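Read the structure below first, then the notes.
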Amino acid sequence: MKPKVARCERTGKRIPLREGFLVADASTGEWLFVSTNAPERAYDYDIQVASLVKSPEALVDWLAHLNEKSWFNPKKFFSYFERFRSDNDLYNAT
Numbered sequence: 542m543k544p545k546v547a548r549c550e551r552t553g554k555r556i557p558l559r560e561g562f563l564v565a566d567a568s569t570g571e572w573l574f575v576s577t578n579a580p581e582r583a584y585d586y587d588i589q590v591a592s593l594v595k596s597p598e599a600l601v602d603w604l605a606h607l608n609e610k611s612w613f614n615p616k617k618f619f620s621y622f623e624r625f626r627s628d629n630d631l632y633n634a635t
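Residue numbers (my numbering): 542 to 635.
As structure tokens, this is what we get:
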């Protein structure tokens, strides 16, 4: 099965989803998907996608950790994933 790819929202390059990072701007709570070579910005809070999917426990731990952040906005977080999934044709991804 061919790995799913997504567009880096800073460089425009398409990369394997597992090789990217989810990045939040801690000053606004806005989210992006970026590649490892994308330029960093002030207030970046990042997590490697592959580390989130290595185990259910890793995902649960990260979500609980994220909820402790004062800047975290669940509505922005889930709205981001809705847009990201659509923009990258990730519906029904397996």
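Idealized CB from N, CA, C, for every residue including glycine. None of the values given here were measured: they were computed from a predicted structure.
Asked	Found
Rounded C-beta distance between Val546 and Ile556? I'm assuming under 8 Å.	6 Å
With a threshold of 8 Å on Cβ separation, who are the neighbours of Cys549 within its own chain once the five nearest residues in sequence on each side are excluded?	Arg555, Ile556, Gly561, Phe574, Val575, Ser576 and Ala579
Measure the C-alpha to C-alpha separation of Ala583 and Gly553 and round it to an integer number of angstroms.	20 Å
Taking 8 Å as the limit between beta carbons, can you name the residues of its chain near Glu571, skipping five residues before and five after?	Ala565, Lys617 and Tyr621
Taking the Cβ atom as the reference point for each residue, do Ala567 and Trp603 lie within a distance shorter than 8 Å?	no
Since Ala591 and Arg559 should fall inside the 8 Å C-beta cutoff, what is the C-beta to C-beta distance between them, to a whole number of angstroms?	5 Å
Is the beta carbon of Ala599 sitting closer than 8 Å to the one on Leu593?	yes
Can you find the residues in the same chain that come closer than 8 Å, C-beta to C-beta, to Leu631, ignoring five residues on each side of it along the sequence?	Lys545, Ala547, Leu558 and Phe625
Identify, in the order they occur along the chain, each residue of the same chain with its Cβ nearer than 7 Å to the Cβ of Ile588, setting aside the five sequence neighbours on each side.	Phe562, Leu563 and Trp603
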